[in-house]
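Quick note: the sequence shown uses the numbering used here, first residue 2, plus one each step. Just so it is clear, CB atoms sit at the ideal spot from N, CA and C, and this is done for glycine as well. Heads up: the structure comes next, in structure tokens.
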Amino acid sequence: LMFELNREAGTTLVLVTHDREIAARCDRQLRIEAGRLAA
């Protein structure tokens, strides 16, 4: 539901998750490894 609302509204959604299946649905993913941002 939140992904649909995000696309309809044309807004940015910032989502933090440990679930790789949910992350796979995102247009862009950024990862943190060893306390550093790893794109």
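CB contact flag (residue i, residue j, <8 Å)
i   : j   : result
R32 : A39 : yes
F4  : R26 : yes
A10 : T18 : no
Separation of residue j from residue i, as counted between CA atoms
i   : j   : result
I34 : L6  : It is Glu, not Ile, that sits at residue 34 in the sequence shown. Roughly 30 Å between the two C-alpha positions.
D20 : T12 : 22 Å
Residue i in three-state terms, based on DSSP
i   : result
L38 : strand
R8  : helix
R32 : strand
R21 : helix
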